[in-house]
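Working notes for the structure below.
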Amino acid sequence: MVPSAPAGSASRGAIRHRARAWMLEGLTDMAKRRPGPHADRRSPHRGRRWWKVMCLTGVDYFSTLGYQPGIAALAAGLLSPVATLVLVLVTLAGALPVYRRVAAESPHGQGSIAMLERLLPFWKGKLFVLALLGFAATDFLITITLSAADAATHLVENPHVNSVLEHQQLLITLVLVALLSAVFLKGFLEAIEVAIVLVGLYLTLNVAVVAAGLWHVFAAPHVVTDWSRALTTEHGDALAMVGLALLVFPKLALGLSGFETGVAVMPHIEGRPTDTEECPTGRIRGAKKLLTTAALVMSAFLIVTSFVTTLLIPEDAFKPGGEANGRALAYLAHRYLGSAFGTLYDLSTIAILWFAGASAMAGLLNLMPRYLPRYGMAPHWARAVRPMVLVFTAVAFLVTWIFDADVNAQGGAYATGVLVLISSAAVAVTIAARRAGERGRTIGYAAVAVVFLYTTVANVVERPDGVKIGACFIGGIILLSLLSRLARAFELRVTSVVLDGTAQRFIRDTAHRTIRFIANEPGRRDMAEYRDKLQQTRTDHDLPPSEDFIFVEVTVGDPSEFESELRVRGEVLHGRYRVLRLESSAVSNALAALLLHVRDETGQRPHIYFEWTEGNPFAQFLRFFLFGHGDVAPVTREVLREAEPDRGRRPRVHVG
5 MVPSAPAGSA SRGAIRHRAR AWMLEGLTDM AKRRPGPHAD RRSPHRGRRW WKVMCLTGVD
65 YFSTLGYQPG IAALAAGLLS PVATLVLVLV TLAGALPVYR RVAAESPHGQ GSIAMLERLL
125 PFWKGKLFVL ALLGFAATDF LITITLSAAD AATHLVENPH VNSVLEHQQL LITLVLVALL
185 SAVFLKGFLE AIEVAIVLVG LYLTLNVAVV AAGLWHVFAA PHVVTDWSRA LTTEHGDALA
245 MVGLALLVFP KLALGLSGFE TGVAVMPHIE GRPTDTEECP TGRIRGAKKL LTTAALVMSA
305 FLIVTSFVTT LLIPEDAFKP GGEANGRALA YLAHRYLGSA FGTLYDLSTI AILWFAGASA
365 MAGLLNLMPR YLPRYGMAPH WARAVRPMVL VFTAVAFLVT WIFDADVNAQ GGAYATGVLV
425 LISSAAVAVT IAARRAGERG RTIGYAAVAV VFLYTTVANV VERPDGVKIG ACFIGGIILL
485 SLLSRLARAF ELRVTSVVLD GTAQRFIRDT AHRTIRFIAN EPGRRDMAEY RDKLQQTRTD
545 HDLPPSEDFI FVEVTVGDPS EFESELRVRG EVLHGRYRVL RLESSAVSNA LAALLLHVRD
605 ETGQRPHIYF EWTEGNPFAQ FLRFFLFGHG DVAPVTREVL REAEPDRGRR PRVHVG
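Right, here's the structure in full:
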């Protein structure tokens with residue numbers, strides 16, 4: 005009698021199985037590239053009204069009101085309202101038109117990365133995309149950590165709890181990031197409804213703070229007079245003020261942070277009933293409304309808040325350690341509307357800043373699984389939401405610890421990520437307009453691209469720590485991606501096999517006897533090539549003339565691609581030689597996929613015959629890894645071994 009497994013061991017195995025199933029839930033849907041990990045599951049084209057989705061991106065965009073007026077005051081001093089006006093003009097005349105075009109060109113949330121990916125083929129395109137993904141990771145991850153750090157600042161600086169929570173900002177920030185992770189691990193199905201409540205409450209409270217601030221400004225006209233006189237004394241004429249505002253503009257780039265997330269949440273937008281995934285015109289129209297409305301609302305708030313905070317808050321209060329540092333509007337709320345309202349404002353700000361990370365996390369989960377697994381540069385489980393949430397949370401913990409939850413210290417990295425993505429978007433739409441023959445728009449987009457490229461360079465020169473952090477993300481992504489590609493090199497890498505009618509007839513005609521294939525690297529494809537190859541194979545393997553063969557030829561397309569559908573086309577050459585022609589990113593993986601497909605369709609184990617490849621084995625492996633060729637025979641056998649562990653069912657590989 006065979007002893008049964010202990011009950012405890014069985015229960016532990018069941019627990020592990022359930023935990024694994026829970027962790028990888030949704031992996032199949034992600035592999036099918038449904039529109040976003042949190043999109044409405046009822047239909048790939050269903051979603052929510054554009055104004056509701058605007059609140060999801062708004063928790064990132066609008067939450068910058070928590071710290072943007074203070075950043076503008078530190079960067080421009082008395083010139084803050086003028087510098088903010090420049091920011092608004094660049095937003096409405098530059099970033100908004102660019103991202104409206106991006107929304108039309110990439111309606112599935114990939115942003116400008118998808119547009120630029122189409123311009124550069126092969127490995128240079130993949131490496132370029134990985135670099136942009138590094139800056140996107142910088143943008144979105146720093147959004148999570150910076151917003152959580154600023155939420156912690158608002159909590160610690162509240163006068164009711166300051167004595168208890170003082171010097172606990174790092175711990176509070178880590179707790180907030182962990183809570184955000186817990187929301188995503190649970191499912192995050194109602195994020196848009198939560199965002200509507202948070203954005204509605206936050207903007208309403210900001211209207212009250214702005215109204216109180218304007219009332220105090222108009223009640224004391226000398227405040228405006230004193231500011232105007234000091235501004236003229238310090239900076240001279242209006243032209244000098246505008247010039248200086250342009251110089252400090254790169255420091256205000258955080259005010260542009262909402263556009264990339266606005267595109268990233270596009271898969272959540274409800275389209276028309278006639279929309280298709282290839283042409284979702286309703287979703288595109290909704291996205292344009294979202295971007296325009298959010299930009300107009302934010303622009304109005306930025307102008308007014310920079311005006312009232314500059315006039316009503318002492319300059320020293322904006323500096324590190326000051327009462328208004330990182331929380332200018334909260335300072336006004338406590339000062340003019342009382343402690344109770346100020347506390348309510350703090351709680352609202354903390355909530356929206358914390359949830360701003362939700363918009364960024366949704367962007368990461370929509371962006372990364374679209375590229376890295378498809379490139380073979382991430383494990384298969386990277387398509388599932390929960391494992392990636394844990395990965396991003398761990399990175400966010402590390403970033404928070406490195407920066408000690410300091411909002412100002414993370415500003416450079418955040419601005420760099422934002423500006424690089426906006427610059428890439430401007431370049432992408434310029435190229436798209438030029439290819440479409442739109443001369444006027446090409447010139448306009450090119451001018452916007454020049455502005456953002458200048459801003460990016462100026463920001464990097466001013467705060468090089470931002471590009472250093474971005475370079476770390478890029479280096480980490482490229483290194484891990486190449487290691488993953490190396491580890492996954494011997495996977496089957498074929499999503500499906502489709503045979504045309506002629507190829508199906510070839511297989512059907514040989515299914516009643518031993519199915520034999522000859523792997524042939526096509527040359528001139530004349531009769532002598534096939535006659536000599538057939539004779540050599542029969543001689544090398546001592547096979548009688550009665551044995552029937554089918555030639556298989558693989559043409560390598562883009563070797564940098566990883567997963568693809570395998571289409572097989574059959575043809576008869578020179579009236580007697582049957583040939584199956586395939587196109588794939590790697591010869592060995594395509595051959596292995598064909599053999600397994602034929603086995604499953606016919607119930608027979610096919611045989612395939614190779615010649616040995618001459619050359620250094622290591623060099624041959626590099627040829628396979630980078631260009632899809634190499635030592636085909638042993639690699640085909642290895643791919644088959646990984647795909648089919650049962651030797652009794654594995655197709656046979658012969659080398660002579």
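Per this note's numbering, residue 5 is the first one in the sequence shown, and the count goes up by one each step.
Just so it is clear, CB atoms sit at the ideal spot from N, CA and C, and this is done for glycine as well.
As the structure is a prediction and not an experimental result, all values here were calculated from the model.
Got a sec? Which residues, its chain only, sit under 6 Å from residue 613 by beta carbon, not counting five neighbours each side? Your numbering for residue 613 matches position 609 in the sequence shown. These residues qualify, in order along the chain: 522, 541 and 658.
Using the rule of at least 16 other Cβ atoms within 10 Å of the residue's Cβ for burial, across every protein chain shown, is residue 655 buried or exposed? Residue mapping note: residue 655 aligns to position 651 of the sequence shown, counting from 1. Buried, since its Cβ has 16 or more Cβ neighbours within 10 Å.
Cβ neighbour criterion (16 or more within 10 Å) applied to residue 464: Translated into positions along the sequence shown, residue 464 becomes position 460. Classification of residue 464: buried, given that the 10 Å Cβ count is 16 or more.
Starting from the Cα of residue 485, find the closest Cα among 132, 79 and 100 and give me that residue. Taking the sequence shown and counting its residues from 1, one reaches residue 485 at position 481. It is 132.
Apart from the five residues just before and just after residue 578, which ones in its own chain have a Cβ nearer than 6 Å to its Cβ? On the sequence shown, position 574 is the one that residue 578 refers to. Excluding sequence neighbours, residue 578 sits near 531.
Measure the C-alpha to C-alpha separation of residue 397 and residue 157 and round it to an integer number of angstroms. In the sequence shown, counting from the first residue as 1, residue 397 sits at position 393. In the sequence shown, counting from the first residue as 1, residue 157 sits at position 153. Going from the Cα of residue 397 to the Cα of residue 157 covers about 20 Å.
If residue 400 and residue 148 are in contact, beta carbons under 8 Å, what's the gap, nearest whole angstrom? Here residue 400 is taken as the residue at index 396 of the sequence shown, counted from 1. Here residue 148 is taken as the residue at index 144 of the sequence shown, counted from 1. So it is a contact: roughly 5 Å between Cβ atoms.
Please name the residue or residues paired with residue 397 in a DSSP beta bridge. Here residue 397 corresponds to residue number 393 of the sequence shown, with the count starting at 1. In DSSP, residue 397 forms no bridge with anything.
Could you check the C-alpha separation between residue 437 and residue 108 for me, to the nearest Å? Here the question's residue 437 lines up with position 433 in the sequence shown. Here the question's residue 108 lines up with position 104 in the sequence shown. Distance between the alpha carbons of residue 437 and residue 108: 12 Å.
Is residue 264 helix, strand or coil by DSSP? In the sequence shown, counting from the first residue as 1, residue 264 sits at position 260. Here residue 264 sits in helix by DSSP.
Going by the CB atoms, is the gap between residue 560 and residue 590 shorter than 9 Å? Here residue 590 is taken as the residue at index 586 of the sequence shown, counted from 1. Here residue 560 is taken as the residue at index 556 of the sequence shown, counted from 1. Yes, they are a contact pair.
Considering only C-alpha positions, which residue in the set 314, 415, 306 and 286 is nearest to residue 144? Numbered from 1 along the sequence shown, position 140 holds the residue referred to as residue 144. Per the Cα distances, 415.
Can residue 332 and residue 496 be called in contact, C-beta distance under 9 Å? On the sequence shown, position 328 is the one that residue 332 refers to. On the sequence shown, position 492 is the one that residue 496 refers to. No, the pair does not count as a contact, with Cβ atoms beyond the cut-off.
Using only the alpha-carbon positions, how far apart do residue 451 and residue 115 sit? Position 447 of the sequence shown holds residue 451. Position 111 of the sequence shown holds residue 115. C-alpha separation (whole angstroms): 20 Å.
Under the three-state reduction of DSSP, which class applies to residue 519: helix, strand or coil? Sequence index remark: in the sequence shown, residue 519 carries index 515 (1-based). Three-state result, residue 519: coil.
Just curious, the alpha helix (DSSP H) that residue 575 is in, first and last residue? The count along the sequence shown starts at 1 and reaches residue 575 at position 571. Residue 575 -> not in any alpha helix (DSSP H); beta strand (DSSP E) instead, spanning 568-577.
May I ask which residues mark the beginning and end of the alpha helix (DSSP H) holding residue 612? Your numbering for residue 612 matches position 608 in the sequence shown. Residue 612 -> not in any alpha helix (DSSP H); beta strand (DSSP E) instead, spanning 611-614.
Check whether chain B comes within 9 Å of residue 108, counting only Cβ atoms and requiring the distance to be less than that. No chain B appears in the structure shown, which is made up of a single protein chain.
Ordered along the chain, which non-local residues of its own chain (more than five positions away) have a Cβ less than 7 Å from that of residue 135? For this step, residue 135 is matched to residue 131 along the sequence shown. Excluding sequence neighbours, residue 135 sits near 478.
When the Cβ atoms of the segment 330-350 are set against those of the segment 168-178, are three or more pairs found closer than 8 Å? no
Determine whether the beta carbon atoms of residue 362 and residue 184 lie at a separation below 9 Å. Translated into the one-based positions of the sequence shown, residue 362 becomes position 358. Translated into the one-based positions of the sequence shown, residue 184 becomes position 180. In contact: residue 362 and residue 184 (Cβ atoms closer than 9 Å).
Quick check on DSSP: helix, strand or coil for residue 301? Start at 1 with the first residue of the sequence shown, and residue 301 comes out as number 297. Correct three-state label for residue 301: helix.
Which of the three DSSP states is assigned to residue 376 in this structure? Within the sequence shown, numbered from 1, the residue matching residue 376 stands at position 372. Note: residue 376 maps to coil in three-state DSSP.
Kindly indicate the opening and closing residues of the alpha helix (DSSP H) around residue 4. The requested residue 4 is not part of the displayed model; the chain covers only 5 to 660.
Taking only three categories from DSSP, how would you classify residue 317? In the sequence shown, counting from the first residue as 1, residue 317 sits at position 313. Note: residue 317 maps to coil in three-state DSSP.
Find the nearest neighbour of residue 58 within the set 101, 181, 519 and 195, judged by alpha-carbon distance. Here residue 58 corresponds to residue number 54 of the sequence shown, with the count starting at 1. Residue 58 has its Cα closest to that of 195, out of 101, 181, 519 and 195.
Helix, strand or coil at residue 584 [DSSP, three-state]: Indexing the sequence shown from 1 puts residue 584 at position 580. Strand.
Return the first residue and the last residue of the beta strand (DSSP E) that residue 681 is part of. Residue 681 is absent from the structure shown; the chain starts at 5 and stops at 660.
Best match in 82, 493 and 556 for proximity to residue 246 [C-alpha to C-alpha]: Numbered from its first residue, the sequence shown carries residue 246 at position 242. Residue 82 is the option with its Cα nearest to residue 246.
Quick one: Cα of residue 650 to Cα of residue 391, how far? Indexing the sequence shown from 1 puts residue 650 at position 646. Indexing the sequence shown from 1 puts residue 391 at position 387. Their backbone Cα atoms lie some 30 Å apart in a straight line.
Does the separation of the CB atoms of residue 637 and residue 600 fall below 9 Å? Indexing the sequence shown from 1 puts residue 637 at position 633. Indexing the sequence shown from 1 puts residue 600 at position 596. No, the Cβ-Cβ distance between residue 637 and residue 600 is not below 9 Å.
Run through DSSP, which three-state label would residue 331 get? Looking up residue 331 in the sequence shown gives position 327. Reduced to three states, the DSSP call for residue 331 is coil.
Check each candidate in 306, 255 and 583 and name the one with the smallest Cα separation from residue 696. The requested residue 696 does not occur in the structure, where the chain is confined to residues 5 to 660.
In chain order, what residues of the same chain lie with their CB nearer than 8 Å to the CB of residue 411, ignoring the 5 residues before and after it? Locating residue 411 in the sequence shown gives position 407, where the first residue counts as 1. Excluding sequence neighbours, residue 411 sits near 71, 150, 153, 154, 157 and 330.
Rounded separation between residue 615 and residue 604 - CA only: Reading the sequence shown from its first residue, position 611 is the one you call residue 615. Reading the sequence shown from its first residue, position 600 is the one you call residue 604. Looking at the two C-alpha atoms, the distance is approximately 26 Å.
The beta strand (DSSP E) that contains residue 656, what's its start and end? Here residue 656 is taken as the residue at index 652 of the sequence shown, counted from 1. First-last of the beta strand (DSSP E) with residue 656: 656-659.
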